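Encoded as structure tokens, the structure appears first; notes follow it.
Residue numbers (this note's numbering): 2 to 324.
If you want it as structure tokens, here you go:
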């Protein structure tokens, strides 16, 4: 039996610039993202027969992996050359769709990690991330960027640069008590089931091809976010989140009236900034709140479920590999 654990992420700045339509025209794309202690776990077990069983929100039993409905499992199996004789289960700490925390990419990275462990040829983070991008963007034709796969594979709080020929992942921007000090100023709330990320991203991509200026500004904010984090200017992080969200809201479909109202109430209660995570439309909202105002913000957000988290420094890893 093999068990992989792969973190979800909170993107702090630069989302959208990690998509090829942007960084091929105006390189580099720049994203600041943090892996968090909310996980996708993939359990893989060898079977006595040659069938393949996949268990997620439904259960599939097929003669070979190429006919699985679950496209991320199907393409991960095809890429690693495994046709059957195994059982795969996923466990998730959040809703499987519309969380805004990069869950699909964490499933893909975690599945690849488990499959390679099963084959006895473990792969480094850069390979897991690159192959996960290939599966989601090329094989499954999802209109997404590449930050989720890389932060899921590497973990930590990092700045990631995207160009047509290279992806560069920084060393962790913060570690230890400094990283905890920043994360202690971030509150995460579940706003309800999000909309389809693919639908929202298709609209956003179409808008971006008409006017690149919002993404240019988001890239500048990402550079400023990296500098503020390294300098431990915590409140500047909050203000940059607020500015970034203002830019993002100018893109169709990102926000909702309910989210706008909740965000306004949180700011009135003392939050300096925040955003809907991921493509928006629902899912999770992260807020920057200094400790002195956190009780007030929690009261203002009492209609929504708070989701405790810590930074995850590790990225995808194998927790169990037993015969």
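Backbone N, C-alpha and C define an ideal beta-carbon position, used for all residues, glycine too. None of the values given here were measured: they were computed from a predicted structure.
Self-check item: Sufficient close CB pairs (3 or more, under 8 Å) joining the region 24-38 to the region 302-312
Solution: Because the criterion of three Cβ pairs below 8 Å is met, the region 24-38 and the region 302-312 touch.
Quiz item: If we ignore side chains and look at the alpha-carbon of each, how far apart do residue 149 and residue 239 end up?
Solution: What you label residue 149 is simply residue 148 of the chain shown in a count that begins at 1. What you label residue 239 is simply residue 238 of the chain shown in a count that begins at 1. Taking the straight line joining both Cα atoms gives about 22 Å.
Quiz prompt | Through-space distance from residue 9 to residue 161, alpha-carbon basis | solution = Position 160 of the chain shown, counted from the start, is the residue given in the question as residue 161. Position 8 of the chain shown, counted from the start, is the residue given in the question as residue 9. Take the alpha-carbon of residue 161 and the one of residue 9: they are about 16 Å apart.
Quiz item: Within the chosen definition, does the region 133-140 reach the region 91-109 through at least 3 CB pairs nearer than 8 Å?
Solution: Yes: the two stretches touch, three or more of their Cβ pairs being nearer than 8 Å.
Quiz item: Quick one: what does DSSP say residue 180 is sitting in, helix, strand or coil?
Solution: Indexing the chain shown from 1 puts residue 180 at position 179. Three-state result, residue 180: helix.
Quiz item: Looking only at C-alpha atoms, which of 262, 294, 296 sits nearest to residue 286?
Solution: Mapped onto the chain shown, residue 286 falls at position 285. The residue with the shortest Cα to Cα distance from residue 286 is 262.
Quiz item: In the structure shown, what three-state DSSP assignment does residue 110 receive?
Solution: To locate residue 110, count along the chain shown from 1; it is residue 109. Correct three-state label for residue 110: helix.
Quiz item: If you pair each beta-carbon of the region 41-48 with each one of the region 85-101, do three or more pairs fall below 8 Å?
Solution: Yes, the region 41-48 is in contact with the region 85-101.
Quiz item: Are residue 66 and residue 75 touching if we call contact CB-CB under 8 Å?
Solution: Counting from 1 along the chain shown, the entry for residue 66 is found at position 65. Counting from 1 along the chain shown, the entry for residue 75 is found at position 74. In contact: residue 66 and residue 75 (Cβ atoms closer than 8 Å).
Exercise. Tell me the start and end of each unbroken beta strand (DSSP E) in the region 230-289 that is at least 3 residues and wholly inside, in chain order.
Key: DSSP runs (the beta strand (DSSP E)) wholly in the region 230-289: 274-277, 284-289.
Practice problem: Measuring alpha carbon to alpha carbon, tell me which of 99, 68, 52, 306 ends up nearest residue 194. | Solution: If you number the chain shown from 1, residue 194 lands on position 193. When each option's Cα is compared against that of residue 194, the closest is 99.
Self-check item: Segments of 4+ residues assigned as alpha helix (DSSP H) that fall wholly inside the region 65-110
Solution: Whole alpha helix (DSSP H) segments, 4+ residues: 72-81.
Quiz item: From 113, 188, 292, 224, pick the residue whose C-alpha is nearest to that of residue 302; which is it?
Solution: In the chain shown, the residue the question calls residue 302 occupies position 301. Considering only alpha carbons, the answer is 188.
Quiz prompt | Top-ranked residue by Cα proximity to residue 260, from 282, 6, 251 | solution = On the chain shown, residue 260 is found 259 positions in, with the first residue counted as 1. For residue 260, the nearest C-alpha among the options comes from 282.
Quiz item: So what does DSSP say about residue 58, is it helix, strand or coil?
Solution: As a working mapping, residue 58 is identified with position 57 in the chain shown. Of the three classes helix, strand and coil, the one that applies to residue 58 here is coil, per DSSP.
Practice problem: Return the CA-CA distance between residue 298 and residue 192, expressed in angstroms with no decimal places. | Solution: As a first step, residue 298 must be located in the chain shown, where it is residue number 297. As a first step, residue 192 must be located in the chain shown, where it is residue number 191. Approximately 15 Å between the Cα atoms of the pair.
Quiz item: Near residue 1, what residues of its chain come up, given a Cβ to Cβ distance below 8 Å and the 5 sequence neighbours on each side ignored?
Solution: Nothing about residue 1 can be reported from this structure: the residues present for the chain run from 2 to 324 only.
Quiz item: Measuring CB to CB, does residue 284 end up less than 8 Å from residue 101?
Solution: Taking the first residue of the chain shown as position 1, residue 284 is located at position 283. Taking the first residue of the chain shown as position 1, residue 101 is located at position 100. Yes, the pair counts as a contact, with Cβ atoms nearer than the cut-off.
Self-check item: Distance between residue 319 and residue 139 (C-alpha atoms, nearest Å)
Solution: Here residue 139 is taken as the residue at index 138 of the chain shown, counted from 1. Here residue 319 is taken as the residue at index 318 of the chain shown, counted from 1. Straight-line Cα distance between these residues: approximately 26 Å.
Practice problem: Please determine if the region 222-237 and the region 16-35 are in contact, where contact requires at least 3 C-beta pairs separated by less than 8 Å. | Solution: Inter-segment contact for the region 222-237 and the region 16-35 is present: three or more beta-carbon pairs are separated by less than 8 Å.
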